[in-house]
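Protein chains in written order, with our numbering: chain A, 8 to 78; chain B, 5 to 256; chain C, 20 to 242; chain D, 3 to 207.
Glycine is no exception: its CB is placed at the ideal position from the N, C-alpha and C atoms.
Take a look at the structure set out below.
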Amino acid sequence: MSAFFAQGGYGFFVWSAYGMAAIVLIAEVMQLRARQRALLARLARLQRLAGTASTDTQGTLGAAPGQRQAK
Amino acid sequence: MALNPFKFAAPAVFYPLANRLIPWFWTLTGILLALGLYWGFFQTPDQLGGNNAQKEYYRIIFVHVPAAWMSMWLYVIMVFWAAVGLVFNTRLSFMMANAVAPTGAIFTFLALWTGAFWGRPSWGTYWDWDPRLTSELVLFFLYLGYLALHAAIDDQRRADRAAALLAIVGLVIVPVIYWSINCPDPTQCASLHQRSNLTRIEGNILFAMLTMTLAFWMYSFATSLMRLRTLILEREAEASWVQELLNPRGGR
Amino acid sequence: MWSAFWCILQRDLRLGLRRRTEVLTALAFFMIVVSLFPLGIGTERQTLQILGPGVVWVAALLASMLALERLFAADYEDGTLEQLVLTPQPLSLLVLAKVAAHWLLTGLPLVLIAPLVGMQYHLTPTQIVIMMLALGLGTPVLGLIGSIGAALTLGVRGGGILLSLLILPLYIPVLVYGAGAIEVSRIASTDAQPYLLLLAAFLLTALTLAPLAGAAALKIALE
Amino acid sequence: MLEAVALSCRRGERRLFQDLHLDVQPGSLLHVRGRNGSGKTTLLRTLCGLFTPETGEVRWRGKSIQSLGEDYRRELLYCGHLLGLKADLTAIENLAIASTLSSDPVRTHELWQALERLGLAGFEDLPIRMLSQGQKKRVALARLLLSHAPLWVLDEPFSALDREAVCLLEELLARHLGQGGLVILTTHQEVPLTSGRVAHLDLGY
Numbered sequence: 008m009s010a011f012f013a014q015g016g017y018g019f020f021v022w023s024a025y026g027m028a029a030i031v032l033i034a035e036v037m038q039l040r041a042r043q044r045a046l047l048a049r050l051a052r053l054q055r056l057a058g059t060a061s062t063d064t065q066g067t068l069g070a071a072p073g074q075r076q077a078k
Numbered sequence: 005m006a007l008n009p010f011k012f013a014a015p016a017v018f019y020p021l022a023n024r025l026i027p028w029f030w031t032l033t034g035i036l037l038a039l040g041l042y043w044g045f046f047q048t049p050d051q052l053g054g055n056n057a058q059k060e061y062y063r064i065i066f067v068h069v070p071a072a073w074m075s076m077w078l079y080v081i082m083v084f085w086a087a088v089g090l091v092f093n094t095r096l097s098f099m100m101a102n103a104v105a106p107t108g109a110i111f112t113f114l115a116l117w118t119g120a121f122w123g124r125p126s127w128g129t130y131w132d133w134d135p136r137l138t139s140e141l142v143l144f145f146l147y148l149g150y151l152a153l154h155a156a157i158d159d160q161r162r163a164d165r166a167a168a169l170l171a172i173v174g175l176v177i178v179p180v181i182y183w184s185i186n187c188p189d190p191t192q193c194a195s196l197h198q199r200s201n202l203t204r205i206e207g208n209i210l211f212a213m214l215t216m217t218l219a220f221w222m223y224s225f226a227t228s229l230m231r232l233r234t235l236i237l238e239r240e241a242e243a244s245w246v247q248e249l250l251n252p253r254g255g256r
Numbered sequence: 020m021w022s023a024f025w026c027i028l029q030r031d032l033r034l035g036l037r038r039r040t041e042v043l044t045a046l047a048f049f050m051i052v053v054s055l056f057p058l059g060i061g062t063e064r065q066t067l068q069i070l071g072p073g074v075v076w077v078a079a080l081l082a083s084m085l086a087l088e089r090l091f092a093a094d095y096e097d098g099t100l101e102q103l104v105l106t107p108q109p110l111s112l113l114v115l116a117k118v119a120a121h122w123l124l125t126g127l128p129l130v131l132i133a134p135l136v137g138m139q140y141h142l143t144p145t146q147i148v149i150m151m152l153a154l155g156l157g158t159p160v161l162g163l164i165g166s167i168g169a170a171l172t173l174g175v176r177g178g179g180i181l182l183s184l185l186i187l188p189l190y191i192p193v194l195v196y197g198a199g200a201i202e203v204s205r206i207a208s209t210d211a212q213p214y215l216l217l218l219a220a221f222l223l224t225a226l227t228l229a230p231l232a233g234a235a236a237l238k239i240a241l242e
Numbered sequence: 003m004l005e006a007v008a009l010s011c012r013r014g015e016r017r018l019f020q021d022l023h024l025d026v027q028p029g030s031l032l033h034v035r036g037r038n039g040s041g042k043t044t045l046l047r048t049l050c051g052l053f054t055p056e057t058g059e060v061r062w063r064g065k066s067i068q069s070l071g072e073d074y075r076r077e078l079l080y081c082g083h084l085l086g087l088k089a090d091l092t093a094i095e096n097l098a099i100a101s102t103l104s105s106d107p108v109r110t111h112e113l114w115q116a117l118e119r120l121g122l123a124g125f126e127d128l129p130i131r132m133l134s135q136g137q138k139k140r141v142a143l144a145r146l147l148l149s150h151a152p153l154w155v156l157d158e159p160f161s162a163l164d165r166e167a168v169c170l171l172e173e174l175l176a177r178h179l180g181q182g183g184l185v186i187l188t189t190h191q192e193v194p195l196t197s198g199r200v201a202h203l204d205l206g207y
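Spelled out as structure tokens, the structure:
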């Protein structure tokens, strides 16, 4: 196995290249997933706010008027 | 005006489709990546090329070349969607272009980084004004220009169209840039030396590299679709189909 | 149609001459940048002669870049740009007129001041003549391509820096062959001929395509 | 003469109006009303071709304004919030440039007459930046006097005008409508018109 890591003495170069590749690609994926999850959470919260606001008070929080009467 | 010609152009229809496709692309990426890396590291000789053969460090080729190819392909795809957006005035096409751009920029950076780390052992320096590296650097600036212009303009619609036009202008001028870098002295224009033709490379290495390229393609599809999914949600937040999507029970 | 071209050209020249500061700042900037380099890299003849062409062209690029930001901005702020778009004239022709006026005010002075710079860098007389020719052919191309960027970044925060990030990469061909022309003409001016022909080719292509892209960019910016 | 078919426009993420239909006949004035931010200016700019609608189409004499291009712009005069005057140029220079660009050039003495009629005698050859806001607006309105375009699209033409200028503008509008012209304007005050039909369009309710 150690020969694999040594790569004929050029391990530093090979693994810096592959290491950066791994870091960058994984970082991109993590960022994308986090962004999607944060967005869904925000939309769900807005949804709940719009939902509760319509039952007790008549304030509108972005929910389309038509939707409110549909309750 | 007639309804949009292609049915999938409506974000509401495209969103569930993207949801279904993304897992498939991830599995494909995983399989191809594993196969490519295994083959590249364990089924290939320890050096590349005949006379002054490159030692094991040539294995960086499995990341460098696919990344460089992807950086160029994704720019072309970005410009394609930008042009479609400008011609058909469909918002989804602009979102497609925005979804692809960051991944393209990342691959360009990766190509430059891995190129530098490959250059050090084989040429002796991390950076050399070799025409290919310089063109890759210019491509990186074009990506940055696209992303910066899109981010700088507040109005989403104008940002899409302005960045799209910049990408198209960039694509028109890129060949001239590539050519002017490659042969700065027009009298004896050095042919594009070191035409890397694939046939001379040893079979196993070639197979590993192509597998890695396919893996990067699948990766690009997966990340672009994920980013596209988020962009659609961000821009269609008020749309009714998003409300149903959030609570499938359909309100109280 | 050409009366409209001439009318806009005249208007912008008149405006430019009434506000001389904008014209002189681009020229002063060019001179300062060019004069700074010898202080940085040492003043013996040999290095200056080698670096001269490159420095002159990079300074020309930066000077034209700075002047470009104001190309459409003034008209955008007082509403005349809207009126230009709504005239029954082809917009690309009006963009061409504005770029021509802009070049006469900022590009041409660079060409005329080139001999001074040539002396600063101990360039041979033939090199100075070739430099003026190359700058004469190259600076309009800088203005034409730059006008697309100026239109795209109209009214955008941080437009100046953004403009240079967008447009400088597109200037590379002009820089490569512009500097190459001066460099190679140290011995015989005939060697520079292919370079100048290429610059002329860039100019013709830019003259036909850039105004169209500029007009499209303006329409996008005005939405 | 000027129709809008199933027009819908979106500013950023907000949809301003949807499926809007319009048909303005010669000799009539369309008064567009609505709260701030209801899309009045966007509608006017869409009708001029400055803003591309998300769906729907604007037609002039039955043909889409995109295909007409210059022909449509020859018959259109737009006065937006910004006056479209160069501060460093004089009123006469500004009007001369506007008339040469509008491809039906006017002789210079007509320019002087127009400015005089708008009460700007003596201010004709001063740079615009030296005039008051009201005077600048009158210079912009001088273009109405000089233009032969049948379609006028005016965004808040009455703003910053004094009593006398308002009457003058109303007279101009009446004369234009009398000659079979069309006017589309937005204003926050009522438009007492002597001739021509007035239609109203309410946005954002």
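Exposure label - residue i; buried when at least 16 CB within 10 Å
i, result
"phenylalanine 11/A", "exposed"
"glutamate 202/C", "buried"
"tryptophan 25/C", "exposed"
"arginine 55/A", "exposed"
"arginine 63/B", "buried"
"cysteine 50/D", "buried"
"valine 80/B", "exposed"
"proline 49/B", "exposed"
"asparagine 38/D", "exposed"
"glutamine 160/B", "buried"
Residue-chain proximity (residue i, chain D), Cβ-Cβ < 8 angstroms
i, result
"leucine 105/C", "yes"
"leucine 215/C", "no"
"glutamate 242/C", "yes"
Anticipated Cβ contact below 8 angstroms, residue i with residue j, distance rounded
i, j, result
"alanine 168/B", "alanine 86/B", "3 angstroms"
"arginine 205/C", "glutamine 146/C", "6 angstroms"
"serine 184/B", "glutamate 140/B", "Going by Cβ atoms, the distance from serine 184/B to glutamate 140/B rounds to 15 angstroms, so no, they are not a contact pair."
"leucine 209/D", "valine 155/D", "Nothing about residue 209/D can be read from this structure; chain D reaches only from 3 to 207."
"arginine 140/D", "alanine 89/D", "With a Cβ gap of about 15 angstroms, arginine 140/D and alanine 89/D do not count as contacting."
Proximal chain A residues relative to residue i, where beta-carbon distance stays under 8 angstroms
i, result
"leucine 78/B", "In chain order: nothing, as chain A lies at least about 13 angstroms away."
"proline 125/B", "Tyr17, Phe20"
"leucine 250/B", "Leu47, Leu50, Ala51, Gln54"
Beta carbon proximity, residue i to chain A, threshold 8 angstroms
i, result
"arginine 63/B", "yes"
"valine 69/B", "no"
"phenylalanine 29/B", "no"
Chain B contact residues for residue i, given Cβ-Cβ distances below 9 angstroms
i, result
"glycine 14/D", "Asp158, Asp159, Gln160, Arg161"
Cβ of residue i within 8 angstroms of any chain B Cβ
i, result
"phenylalanine 12/A", "no"
"arginine 205/C", "no"
"alanine 235/C", "yes"
"threonine 48/D", "no"
"leucine 56/A", "no"
Partners in chain B for residue i, counting only beta-carbon separations shorter than 8 angstroms
i, result
"leucine 189/C", "Val173, Gly174, Ile177, Ile181"
"leucine 223/C", "The contacting residues do not exist; leucine 223/C stays about 13 angstroms from chain B at best."
"threonine 209/C", "Chain B residues near threonine 209/C: none, gap ~11 angstroms exceeds 8 angstroms."
"valine 52/C", "Result: empty, since nearest Cβ-Cβ is about 21 angstroms, beyond 8 angstroms."
Chain C contact for residue i (CB, 8 angstroms cutoff)
i, result
"serine 75/B", "no"
"arginine 76/D", "yes"
"aspartate 164/D", "no"
"isoleucine 205/B", "no"
Chain-ordered chain C contacts of residue i [CB-CB under 7 angstroms]
i, result
"proline 190/B", "Pro213, Tyr214, Leu217"
Partners in chain B for residue i, counting only beta-carbon separations shorter than 7 angstroms
i, result
"threonine 158/C", "Those within 7 angstroms of threonine 158/C in chain B number zero; the least Cβ separation is about 17 angstroms."
Chain-ordered chain A contacts of residue i [CB-CB under 7 angstroms]
i, result
"phenylalanine 121/B", "Phe20, Ser23, Ala24"
Partner residues on chain D for residue i, Cβ-Cβ distance less than 7 angstroms
i, result
"arginine 38/C", "Asp90"
May I ask you to list, following chain order, the residues of the segment 223 to 242 of chain B that have a beta carbon less than 8 angstroms from some beta carbon of chain D?
Arg239, Ala241, Glu242
Proximal residues, the segment 72 to 97 of chain C versus chain B, C-beta separation under 7 angstroms:
none
The segment 91 to 117 of chain B: positions lying closer than 8 angstroms to chain A by Cβ
Pro106, Thr107, Ile110, Phe113, Leu114, Trp117
Report the residues of the segment 22 to 45 of chain A with a CB closer than 8 angstroms to any CB of chain B, ordered along the chain.
Ser23, Ala24, Tyr25, Met27, Ala28, Val31, Leu32, Glu35, Val36, Leu39, Arg40, Arg42, Gln43
Give the residues from the segment 124 to 151 of chain B that approach chain C closer than 8 angstroms (Cβ to any Cβ), ordered along the chain.
Val142, Phe145, Leu146, Leu148, Gly149
Report the residues of the segment 123 to 153 of chain D with a CB closer than 7 angstroms to any CB of chain C, ordered along the chain.
none
Under 9 angstroms, CB to CB, which of the residues in the segment 51 to 72 of chain D have a partner in chain C?
Gly51, Leu52, Phe53, Thr54, Gly71, Glu72
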